[in-house]
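For the sequence shown, the working numbering begins at 81 and goes up steadily by one.
Here's the structure we're looking at; comments come further down.
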Amino acid sequence: MNIDDLLQRTFGTSDLGTITPAALEAGIERLQVDLGLATDRDQRFALWSLLYTLGSAPDLDVAFPDPADRDAARNLMDLIAASGGE
C-alpha cells in the first residue's frame, strides 16, 4: 500500500498540511472503518500505522489478533519515538 495513494484516497491530497480540521476528522473516521473491515495483514498494518501517526490508532490488541503483528507495531512505535516523532 503506497502512503501517497492512501492519503490521496482518504483525504483528497497527499499533503497533510493542507487538510482542514473537519477533513482530517472525516478522514480518520474513514481510516478507522477501513481498518475494521480490512482482512489483509499488510493493509491492516498500513492503515493502523497511518492512524498511529495521526494519534488515532486503536490499541494493539484490538487492531492485531496476531502477536507478530503487535510486535511489528511496537517496533514502529519505538522507531517513531526514537526519531523524536512522538
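Ideal placement from N, C-alpha and C gives every residue a C-beta, glycine not left out.
Please confirm whether residue i and residue j have their CB atoms less than 7 Å apart.
i	j	result
Phe91	Gly116	no
Leu111	Leu87	no
Hey, could you find the ends of the alpha helix (DSSP H) residue i is sitting in?
i	result
Pro145	Premise fails: Pro145 is in no alpha helix (DSSP H) and is neither H nor E.
Ala106	Pro101 to Leu117
Ala137	That residue, Ala137, is in no alpha helix (DSSP H); it is neither H nor E in DSSP.
Ser129	Arg121 to Thr133
When we look at the beta-carbon of residue i and count the other beta-carbons within 10 Å, is it buried (16 or more) or exposed?
i	result
Ala143	buried
Ser163	exposed
Write down the C-beta distance between residue i and residue j rounded to the nearest angstrom, noting that I regard them as a contact closer than 8 Å.
i	j	result
Ala161	Phe125	About 18 Å; that fails the 8 Å criterion.
Leu156	Ser129	6 Å
Arg154	Asp141	Not confirmed; about 11 Å, so no contact.
For a cutoff of 7 Å on Cβ pairs, would you count residue i as touching chain D?
i	result
Ala148	Given the protein chain composition of this structure (a single chain), no chain D is represented.
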